[in-house]
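The sequence shown begins at 7 in the numbering used here and counts up by one.
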Amino acid sequence: MLRASTGLVHCAQDLCNTIPMGGIARFDVGYRAGYYSLWATVDGGGGRLDIPAFEDEDGIVTNIRGDLTFMQAGVGVAFHPVDLGRVDPYLGVGVGYSRAQQRLRSDQRSYDLLYRRGGVMPQGGFDVYLTRALALGPRADIVIPFAGSQCLRQDGTEDCLNTVDIVDADDAAISRARRRSFPRPWSVTVQITVYLH
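What follows is the structure in structure tokens.
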């Protein structure tokens, strides 16, 4: 089977809540056998950052341009509780690579904040068969990242820290707050599925 979907992506953490909503596109290839399907996926999306211009104490106005992008790739399995019928609901989970990048540019300087991490990718949705080999329906996904690194690129250099080292603190509440501050993008899309019989 081949699947393609497009829709909206967002995350509520501090890094990415400056975009009200971004766009995303996803492509899957997989194999369906009865109640289960195996698939490989890749997606990407993002949006422009909403950053107001600011004026310093000398009256110099700085305009900042920026964007936030996401990319995920992985493999997974989905359970389809209805093997026959016009409506095909499913729940799945995958694992793979997750990347989030914030790019900021001004006339004076530029920098990128980049997260490269592993990701667990739960998903759910349902397809409605339009023909025997063609289906259309809504889909929801979220990426729950783990491990990996956070990197700051500026002036041609890149400094990286392991996210485990960033989270590590004597106070459990501080560690939890730091862990929850990392990007966890979610998306809602419309998906078209083509079955190759």
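Using N, Cα and C, we set each Cβ at its ideal position, and we do this for glycine too.
| query | Hey, how far is the Cα of Met7 from the Cα of Asp34? | reply | Residue numbering aside, residue 7 sits at position 1 when the sequence shown is read from its first letter. Residue numbering aside, residue 34 sits at position 28 when the sequence shown is read from its first letter. Answer to the nearest angstrom: the Cα atoms are 8 Å apart.
| Roughly how many angstroms lie between the CA atoms of Arg105 and Gly91, to the nearest whole one? | Here residue 105 refers to the residue found at position 99 when the sequence shown is read from its first residue. Here residue 91 refers to the residue found at position 85 when the sequence shown is read from its first residue. Going from the Cα of Arg105 to the Cα of Gly91 covers about 37 Å.
| field | For Val48, the three-state DSSP class (helix, strand or coil) | value | Working through the sequence shown from its first residue, we reach residue 48 at position 42. DSSP places Val48 in strand when its eight states are reduced to three.
| query | In three-state DSSP terms, what is Ala6? | reply | It is not possible to answer for residue 6, since the shown part of the chain is limited to 7 through 203.
| field | Sequence-distant residues of the same chain with beta carbon closer than 6 Å to Arg185, five excluded per side | value | For this step, residue 185 is matched to residue 179 along the sequence shown. Spatial neighbours of Arg185 in its own chain (CB-CB distance under 6 Å, excluding positions within 5 residues in sequence) are listed in chain order as Val173.
| task | Report whether the distance from the Cβ of Gln107 to the nearest heavy atom of the ligand NAD is below 6 Å. | result | Of the ligands one can find in the structure shown there are none, so the ligand NAD has no counterpart to examine.
| Roughly how many whole angstroms lie between the Cα atoms of Asp118 and Ser155? | Translated into positions along the sequence shown, residue 118 becomes position 112. Translated into positions along the sequence shown, residue 155 becomes position 149. Roughly 14 Å between the two C-alpha positions.
| request: Identify the continuous alpha helix (DSSP H) that holds Asp171 and give its terminal residues. | output: Residue mapping note: residue 171 aligns to position 165 of the sequence shown, counting from 1. Start and end: Thr169 to Val173.
| Which two residues bound the contiguous beta strand (DSSP E) that contains Leu55? | In the sequence shown, residue 55 corresponds to position 49, counting from 1. That residue, Leu55, is in no beta strand (DSSP E); it is neither H nor E in DSSP.
| request: From the DSSP output, read off the bridge partner residues of Asp118. | output: Within the sequence shown, numbered from 1, the residue matching residue 118 stands at position 112. DSSP, once it has assigned bridges, lists Arg109 and Arg159 as partnering Asp118.
| task | Go ahead and label Tyr37 buried or exposed: buried means 16 or more other beta carbons lie within 10 angstroms of its beta carbon, across all protein chains shown. | result | For this step, residue 37 is matched to residue 31 along the sequence shown. Tyr37 should be labelled exposed.
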